[in-house]
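Structure first, commentary second.
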Amino acid sequence: MSTEITGVNLPVIEIEKESTDLVGIVEDFDGVLGIGYLPLSDYYPPVTAMDVLYNGGFISNNEVGLQLCPYEMLQESFINIGNTEITPKCGTDGKSLIWVNSPSDEHHAVNIKSILVNGKQVDLPEEFQQVVENGRILYSTIHTCYMYIRFPERVVNVLINSILDNSAITIKKTMLRDDRLDRKKIKKKLQKNRLMPKSNYNIDWDKMPSLSIVMFSQNPVTDENRNSLVTIRLGPRDYMQTYNFKNFRFTVTAGSNDHATLGIPFMTRLLLTFDRQNKRTGFGPGCGCETMADGYPIISNGDQVLWPLTQLPEQPSTSSLGRTSTLERSLSRLGSIRRGSKRSKVSYEKFEG
Numbered sequence: 037m038s039t040e041i042t043g044v045n046l047p048v049i050e051i052e053k054e055s056t057d058l059v060g061i062v063e064d065f066d067g068v069l070g071i072g073y074l075p076l077s078d079y080y081p082p083v084t085a086m087d088v089l090y091n092g093g094f095i096s097n098n099e100v101g102l103q104l105c106p107y108e109m110l111q112e113s114f115i116n117i118g119n120t121e122i123t124p125k126c127g128t129d130g131k132s133l134i135w136v137n138s139p140s141d142e143h144h145a146v147n148i149k150s151i152l153v154n155g156k157q158v159d160l161p162e163e164f165q166q167v168v169e170n171g172r173i174l175y176s177t178i179h180t181c182y183m184y185i186r187f188p189e190r191v192v193n194v195l196i197n198s199i200l201d202n203s204a205i206t207i208k209k210t211m212l213r214d215d216r217l218d219r220k221k222i223k224k225k226l227q228k229n230r231l232m233p234k235s236n237y238n239i240d241w242d243k244m245p246s247l248s249i250v251m252f253s254q255n256p257v258t259d260e261n262r263n264s265l266v267t268i269r270l271g272p273r274d275y276m277q278t279y280n281f282k283n284f285r286f287t288v289t290a291g292s293n294d295h296a297t298l299g300i301p302f303m304t305r306l307l308l309t310f311d312r313q314n315k316r317t318g319f320g321p322g323c324g325c326e327t328m329a330d331g332y333p334i335i336s337n338g339d340q341v342l343w344p345l346t347q348l349p350e351q352p353s354t355s356s357l358g359r360t361s362t363l364e365r366s367l368s369r370l371g372s373i374r375r376g377s378k379r380s381k382v383s384y385e386k387f388e389g
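Residues in the sequence shown are numbered from 37 upward in steps of one, following our numbering.
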């Protein structure tokens with residue numbers, strides 16, 4: 037799928053500066069196309085291309101559909117300006133299965149309630165999504181140009197330790213083997229997000245942990261709606277990705293304690309819809325869902341699993357094992373488009389570290 041917009045009165049767009057940052061797309065310059073929200077931009081015109089296309093009736097929806105795919109399926113990526121001509125996909129009608137309202141009126145953001153590793157809740161820092169900057173709370177963001185998922189360090193440590201404790205990644209046999217040194221070497225590779233040649237490492241996908249992001253679906257959060265949650269549960273093939281066919285790369289990295297950044301690995305098997313009109317983000321099955329073998333990602337609304345269609349409700353892990361396992365793409369990762377319905381009946385165990 038891609039976008040085809042024709043008309044004699046379409047706007048003329050001129051971009052005078054050329055940059056690897058793709059002016060008009062990335063966060064600091066977002067404004068020419070207007071897919072994000074203008075107040076965050078360093079540069080923007082009085083009227084954006086999206087505004088003209090929508091207000092002029094060239095597109096029927098003030099929306100952008102986005103499918104970003106893993107390395108081995110990059111040709112399936114697309115951007116759907118106007119989110120039109122939606123086709124059925126993987127047993128669904130092709131539309132978003134669930135929506136998360138932005139906690140900000142100025143940009144797409146998500147209000148994360150909790151993060152879980154293998155179904156166990158990680159204690160988030162006290163300042164997480166509590167810091168106010170320029171009059172705005174720093175909520176977590178969806179960033180379509182960022183190659184990692186960025187969490188507070190303690191979340192990343194829990195995920196890495198879970199991998200190591202399960203011996204989910206091992207170094208292929210050598211003449212001299214030292215398990216302690218091997219563990220240190222693997223840990224450093226993961227912490228530094230360094231390439232890990234497939235020829236040197238074994239990954240037992242059955243032992244790799246899952247990673248869940250639980251978000252408030254309605255904002256502002258009140259006593260009446262605080263149990264309305266959306267959970268995206270990622271599998272190891274989402275955050276441990278193939279690079280150049282010959283390497284693996286761990287794509288979760290440590291960052292600020294005050295918010296999370298959900299970059300490309302978060303969405304490589306999801307179909308996202310950015311609704312500019314209603315300031316919300318939709319989620320549905322994306323790349324590879326036709327042949328999905330590992331059961332991920334899982335999209336759920338409280339205790340109801342919406343995708344995969346045959347998936348049972350998520351339960352917290354009682355062991356250390358995980359589950360078994362256009363405008364064209366030249367707009368390249370679309371830029372920083374930023375930050376259900378009953379609470380799950382599951383009582384999650386918490387990590388302390």
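We treat Cβ as the ideally placed atom computed from N, Cα and C, and that holds for glycine.
DSSP puts residue 186 in a beta bridge; with which residues?
-> Residue 186 sits at position 150 when you count from the first residue of the sequence shown. Paired residue(s): 289 and 297.
State yes or no: is the C-beta of residue 107 within less than 7 Å of the C-beta of residue 278?
-> Taking the first residue of the sequence shown as 1, we reach residue 107 at position 71. Taking the first residue of the sequence shown as 1, we reach residue 278 at position 242. Yes, the Cβ-Cβ distance between residue 107 and residue 278 is below 7 Å.
Alpha-carbon to alpha-carbon, residue 172 and residue 74 | Counted from its first residue, the sequence shown places residue 74 at position 38. Counted from its first residue, the sequence shown places residue 172 at position 136. Unreliable placement is indicated for residue 74, whose pLDDT of 49 sits below 50; no coordinate value is reported for it.
Taking Cβ positions, are residue 295 and residue 111 nearer each other than 7 Å?
-> Counted from its first residue, the sequence shown places residue 295 at position 259. Counted from its first residue, the sequence shown places residue 111 at position 75. For residue 295 and residue 111, no; Cβs fall outside 7 Å.
Which residue's Cα is closest to the Cα of residue 330: 194, 291, 240 and 96?
-> Residue 330 sits at position 294 when you count from the first residue of the sequence shown. Nearest of 194, 291, 240 and 96 to residue 330, Cα basis: 240.
Just tell me which of 93, 335, 137 and 292 has its CA closest to the CA of residue 262.
-> Walking along the sequence shown from the start, residue 262 turns up at place 226. Out of 93, 335, 137 and 292, 137 has the C-alpha closest to the C-alpha of residue 262.
Exposed unless 16 or more other CB atoms sit within 10 angstroms - verdict on residue 235 | Residue numbering aside, residue 235 sits at position 199 when the sequence shown is read from its first letter. With fewer than 16 other Cβ atoms within 10 Å, it is exposed.
In the DSSP assignment, find the beta strand (DSSP E) that holds residue 178 and state where it starts and stops.
-> Taking the sequence shown and counting its residues from 1, the one referred to as residue 178 is at position 142. Note, residue 178: beta strand (DSSP E), 176-178.
Could you tell me the distance, in whole angstroms, from the CA atom of residue 229 to the CA atom of residue 86?
-> The count along the sequence shown starts at 1 and reaches residue 229 at position 193. The count along the sequence shown starts at 1 and reaches residue 86 at position 50. Spanning the two alpha carbons is a distance of roughly 36 Å.
Residues bridged to residue 145 (per DSSP) = On the sequence shown, position 109 is the one that residue 145 refers to. According to DSSP, which records beta bridges pairwise, residue 145 is partnered with 177.
Which same chain residues, not among the five before or five after residue 219, have their C-beta less than 7 Å away from its C-beta?
-> For this step, residue 219 is matched to residue 183 along the sequence shown. Excluding sequence neighbours, residue 219 sits near 200.
Which residue from 293, 221, 196 and 194 puts its Cα closest to that of residue 207?
-> Along the sequence shown, one-based indexing puts residue 207 at 171. Of the candidates 293, 221, 196 and 194, the one whose C-alpha sits nearest the C-alpha of residue 207 is 221.
Answer with buried or exposed for residue 271, where buried requires no fewer than 16 other C-beta atoms within 10 angstroms of its C-beta.
-> Within the sequence shown, residue 271 is the residue found at index 235, counting from 1. By the 10 Å Cβ count, residue 271 comes out buried.
Can you tell which of 306, 299 and 238 has its C-alpha closest to the C-alpha of residue 282?
-> As a first step, residue 282 must be located in the sequence shown, where it is residue number 246. That would be 238, whose Cα lies nearest to the Cα of residue 282.
Excluding the five sequence neighbours on either side, which residues of its own chain have a C-beta within less than 6 Å of the C-beta of residue 158, listed in chain order?
-> Reading the sequence shown from its first residue, position 122 is the one you call residue 158. Counting only Cβ-Cβ distances below 6 Å, and skipping sequence neighbours, we find 151, 191, 194 and 387.
Return the Cβ separation of residue 299 and residue 175 in integer angstroms, given the expectation that the two are a contact with Cβ distance under 8 Å.
-> If you number the sequence shown from 1, residue 299 lands on position 263. If you number the sequence shown from 1, residue 175 lands on position 139. Actually they do not touch by this definition, with Cβ atoms about 15 Å apart.
Please determine, among 167, 105, 316 and 120, the residue with the shortest C-alpha to C-alpha distance to residue 144.
-> Locating residue 144 in the sequence shown gives position 108, counting from the first residue. Nearest C-alpha to residue 144: 316.
By Cβ distance below 6 Å, which residues in the same chain neighbour residue 95 in space, the five residues on each side in sequence not counted?
-> Mapped onto the sequence shown, residue 95 falls at position 59. Closer than 6 Å at Cβ, skipping near neighbours: 89 and 118.
Nearest neighbour of residue 280, chosen from 333, 310, 146 and 233 [CA to CA] = As a first step, residue 280 is located in the sequence shown; it is residue number 244 there, counting from the start. With distances taken between Cα atoms, residue 280 lies closest to 233.
Cα separation between residue 242 and residue 310?
-> If you number the sequence shown from 1, residue 242 lands on position 206. If you number the sequence shown from 1, residue 310 lands on position 274. Computed Cα separation, rounded: 33 Å.
Do residue 314 and residue 161 have their C-beta atoms within less than 7 Å of each other?
-> Numbered from its first residue, the sequence shown carries residue 314 at position 278. Numbered from its first residue, the sequence shown carries residue 161 at position 125. Cβ atoms of residue 314 and residue 161: not closer than 7 Å.
Straight-line gap, residue 343 to residue 133 (C-alpha atoms, nearest Å) = As a first step, residue 343 must be located in the sequence shown, where it is residue number 307. As a first step, residue 133 must be located in the sequence shown, where it is residue number 97. Roughly 8 Å between the two C-alpha positions.
Start and end of the alpha helix (DSSP H) containing residue 165?
-> By one-based count along the sequence shown, residue 165 stands at place 129. Run containing residue 165: none; DSSP gives neither H nor E here.
What's the C-alpha gap between residue 415 and residue 109?
-> With the chain covering 37 to 389 only, the question about residue 415 has no answer from this structure.
The alpha helix (DSSP H) enclosing residue 279, as first and last residue numbers = Here residue 279 refers to the residue found at position 243 of the sequence shown. Premise fails: residue 279 lies in the beta strand (DSSP E), 276-279, not in any alpha helix (DSSP H).
Euclidean distance between Cα positions of residue 268 and residue 336 = In the sequence shown, the residue the question calls residue 268 occupies position 232. In the sequence shown, the residue the question calls residue 336 occupies position 300. Distance between the alpha carbons of residue 268 and residue 336 is about 7 Å.
Residue 209 burial status per 10 Å Cβ neighbour count (16 or more: buried) = Translated into the one-based positions of the sequence shown, residue 209 becomes position 173. It is exposed - the Cβ of residue 209 has fewer than 16 other Cβ atoms within 10 Å.
Check whether residue 318 and residue 135 have beta carbons under 7 Å apart | Here residue 318 corresponds to residue number 282 of the sequence shown, with the count starting at 1. Here residue 135 corresponds to residue number 99 of the sequence shown, with the count starting at 1. In this structure, residue 135 lies closer than 7 Å to residue 318 by Cβ.
Residue 168 burial status per 10 Å Cβ neighbour count (16 or more: buried) = Sequence index remark: in the sequence shown, residue 168 carries index 132 (1-based). Classification for residue 168: exposed.
To the nearest angstrom, how far is it from the Cα of residue 326 to the Cα of residue 346?
-> In the sequence shown, residue 326 corresponds to position 290, counting from 1. In the sequence shown, residue 346 corresponds to position 310, counting from 1. Roughly 14 Å between the two C-alpha positions.
Cα-Cα separation, residue 189 to residue 260 = For the purposes of this step, residue 189 is identified with residue 153 of the sequence shown, where counting begins at 1. For the purposes of this step, residue 260 is identified with residue 224 of the sequence shown, where counting begins at 1. Near 32 Å, if we compare the C-alpha coordinates of residue 260 and residue 189.
According to DSSP, which residues form a beta bridge with residue 248?
-> For the purposes of this step, residue 248 is identified with residue 212 of the sequence shown, where counting begins at 1. DSSP lists 152 and 269 as partners of residue 248.
Quick one: give me the first and last residue of the alpha helix (DSSP H) that residue 237 is part of.
-> Counting from one through the sequence shown, the residue named residue 237 turns up at place 201. Run containing residue 237: none in the alpha helix (DSSP H); it sits in the beta strand (DSSP E), 237-239.
Which first and last residues belong to the alpha helix (DSSP H) in which residue 133 is found?
-> Residue mapping note: residue 133 aligns to position 97 of the sequence shown, counting from 1. Note, residue 133: premise wrong, no alpha helix (DSSP H); not H, not E.
Pick out whichever of 225, 91, 130 and 334 has its Cα sitting closest to the Cα of residue 197.
-> For the purposes of this step, residue 197 is taken as residue 161 along the sequence shown, with counting starting at 1. With distances taken between Cα atoms, residue 197 lies closest to 225.
Who are residue 99's beta bridge partners in DSSP?
-> The count along the sequence shown starts at 1 and reaches residue 99 at position 63. Its beta-bridge partners are 311.
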